[in-house]
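Presented below is the structure to which this report refers.
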Amino acid sequence: MKTWVHTDKAFMESVIRQSPICFVGLADTDGTPYVLPMNFGYHEGVIYLHSAQQGRSISILERNPKVCVAFSIDNTLVYQHPDVACSYRMRSKSVIAWGKVAFVDDAEGKVEALNHIMRQYSDKTFRYSDPAIRNVKIWKVAVEEITCKEFGAPHQKPV
């Protein structure tokens with residue numbers, strides 16, 4: 003089983019769009035890691051996330067806005083031989099993206115971000131109440147670096 007590195011933007015975006023959630027890694031100023039599973043939206047190189055207005059993640063991001071966002075699909079346990087422990091591994095496709103969080107504070111920007119998030123999960127068009135818009139914290143991550151790997155891939159790389 004091979005590990006392939008994919009550099010094709012369309013392939014990477016396909017992995018992102020097929021992911022049901024992402025995992026967002028933060029690091030406090032003392033280096034303490036903090037990872038959150040989150041719903042997300044993606045549009046033109048930007049990852050959109052939402053949360054409460056306050057909490058541990060917001061406190062960390064106010065001091066260090068750098069994040070790492072992980073997406074993973076097609077996760078399946080595979081092995082080369084059922085009696086050989088070290089032949090077991092996961093077959094999967096993953097994307098890792100790095101960037102900095104910028105908070106979106108204006109109502110129009112929040113609605114746009116929420117629409118991107120909801121398009122990840124539904125074809126419906128949604129309306130948002132004024133209290134919902136006021137009380138949500140929107141994270142906007144412009145992707146600065148991105149990698150994509152396919153683990154447990156066949157020996158012939160797909161064209």
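Counting in my numbering, the sequence shown runs from 3 upward without gaps.
All C-beta atoms, glycine included, are put in the ideal place defined by N, C-alpha and C.
The structure displayed is predicted, hence computed values, not measured ones.
In the pairwise beta carbon analysis, the stretch 48-63 is classified as not touching the stretch 124-133: fewer than three pairs are separated by under 8 Å. Beta-carbon to beta-carbon, Val113 and Trp141 are separated by about 15 Å, too far to satisfy the 8 Å threshold. Shown here, Glu46 sits in coil according to DSSP, grouped into three states, outside any helix or strand. Linking Arg65 to Ala134 through their CA atoms gives a straight-line distance of about 26 Å.
Here DSSP, grouped into helix, strand and coil, assigns Lys126 to coil. The beta carbon of Phe153 lies closer than 8 Å to those of Met3, Thr5, Arg91, Met92, Arg93, Ser94, Lys95, Ser96 in the same chain, with the five residues before and after it left out. With fewer than three CB-CB distances shorter than 8 Å, the stretch 53-72 does not count as touching the stretch 115-123. In the three-state reduction of the DSSP assignment, Val26 falls in the strand class, which pools E and B. The straight-line gap separating the alpha-carbon atoms of Thr78 and Asp85 is approximately 18 Å. One alpha carbon belongs to Trp100, the other to Thr149, and they sit about 9 Å apart.
Going by DSSP, Val17 is part of no beta strand (DSSP E) but of the alpha helix (DSSP H) stretching over 11-20. Rounded to whole angstroms, the Cβ separation of Gln55 and Asn137 is 6 Å, and the two are in contact under 8 Å. Residue environment analysis places His118 among the buried positions, since at least 16 neighbouring C-beta atoms fall within 10 angstroms of its C-beta.
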